[in-house]
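Numbering (the working numbering), first residue to last: 62 to 157.
Backbone N, C-alpha and C define an ideal beta-carbon position, used for all residues, glycine too.
The next block holds one structure in the form of structure tokens; read it before the comments.
So, in structure tokens, the structure goes:
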């Protein structure tokens, strides 16, 4: 089944320590077979911490693990960007 819209799920578990899973859905792209997908992690001040995904992907459902063991406890944000456009942003809490 080919998805028809973008979707960024809430990470699970949330709060997490130290690993969490982020799921997302990419629909088919009318212009090409793939879309440029990025998932970025930010701290609570908006500073980019890391890029979990930065590649061209075909339509489908995906999930990726994020290991926050190198970070301090606190609130972080993650964003799904498709072809340079921010589609959604969610909040996650790291508790150590």
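Boundaries of the beta strand (DSSP E) harbouring residue 128: 121-128, taken from the DSSP string. In the assembly as shown, residue 137 is a buried residue. Its beta-carbon has 16 or more other beta-carbons within 10 Å. Residue 105 places its beta carbon 7 Å or farther from that of residue 144. Residue pairing of residue 135 in beta bridges, as defined by DSSP: 155.
Residue 103 is bridged by DSSP to 109, 138. By the Cβ-count criterion, residue 123 is exposed, with fewer than 16 other Cβ atoms from all chains shown falling within 10 Å of its own Cβ.
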